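For the working numbering, count along the sequence shown from 1 and bump the result up by 105.
No residue lacks a Cβ here, since even glycine has one placed at the ideal position from N, Cα and C.
Remember, it's a predicted structure, so these values are computed and weren't measured experimentally.
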Amino acid sequence: MKALKVRKNFIFDKEMVEKVQSIVSKKHKNLTEAITLYFQALVKDPDLLDSVEQSAQKRTGNFIGLLDGQIGDEDAKWMQREHSEADKYR
């Protein structure tokens, strides 16, 4: 397998790398192997990137984070219409 140097300014946040390192080490992998596996998975399933991005943007540690993924992307008009229709049947 040939190696490719991506670029010299390929920089990661130090805290993030340290947190990831502890998680990756539990699986007996190093960071290079983890990134390689991630790239292999992306090649086989490009839609994986969407779910990873969604997971990365999920908020944690506060009340609103609990609602991530529970509330849809509906607009306010749709929500009002749904609410008024629900009131009709009460």
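A139 sits close to V129, with the two beta carbons spaced by under 8 Å.
In the three-state reduction of the DSSP assignment, R186 falls in the helix class, which pools H, G and I. Within the model, the alpha-carbon separation for P151 versus T141 is close to 15 Å. Taken through DSSP and simplified to helix, strand or coil, A108 comes out as coil.
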